[in-house]
Each structure stands twice: as C-alpha cells, then as structure tokens.
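Numbering (our numbering), first residue to last: 1 to 90.
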C-alpha cells in the first residue's frame with residue numbers, strides 16, 4: 001500500500017518501527033483509520049509532529065500537508081525506542 005499524501009514515505013519501515021502493519025499505517029496516514037492514543041503518540045514522536053497534526057489527518061481540507069521525516073531519522077528513533085524498551089524490561 002502507498003500513502004497518497006506522502007508517496008516517498010516507506011510504510012513498511014514505518015510499520016516495523018511502530019509494530020503495526022504497513023497497511024494500517026497507510027490507512028492512518030491517508031485518513032481512513034483513526035489510531036489509538038498510544039499509536040497516535042508514537043506516530044507523532046516518530047514523524048516529529050504534534051498529536052494535533054496526527055488527528056488532523058482525518059480532515060485534510062483543514063490541514064496543510066505535514067513534512068515527513070527522512071528515513072535516517074526513522075531508523076535512529078527506532079534504535080532509541082528499542083534501547084528504551086530493553087532498559088524498561090530489565
């Protein structure tokens with residue numbers, strides 16, 4: 001699945017980082033599915049957006065397009081999240 005609003009965004013990578021399917025991530029970013037608050041917070045953190053920007057995906061007429069992060073920043077945040085989860089588990 002491709003995200004129409006962000007065609008250069010790798011949904012498979014984003015889905016892996018978030019622990020979600022790429023299809024579900026695409027549906028969220030295309031405004032077809034509403035994520036839980038936890039997922040919305042993770043998307044906002046990963047993309048460098050606010051929660052309001054994630055919530056505005058459902059009404060694109062009121063929301064100008066938000067810039068996606070580059071893939072390197074997604075990888076870096078993914079590594080940091082894994083480290084944080086390992087520390088919390090131990």
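Even for Gly, the Cβ is constructed at its ideal location relative to N, Cα and C.
Here residue 18 has 42 as same chain residues with Cβ atoms under 6 Å from its own Cβ, once five neighbours each way along the sequence are excluded. The beta carbons of residue 22 and residue 31 sit no closer together than 9 Å. In the three-state scheme derived from DSSP, where H, G and I count as helix and E and B as strand, residue 23 is classed as helix.
Per the coordinates, the alpha-carbon of residue 57 lies some 12 Å from the alpha-carbon of residue 6.
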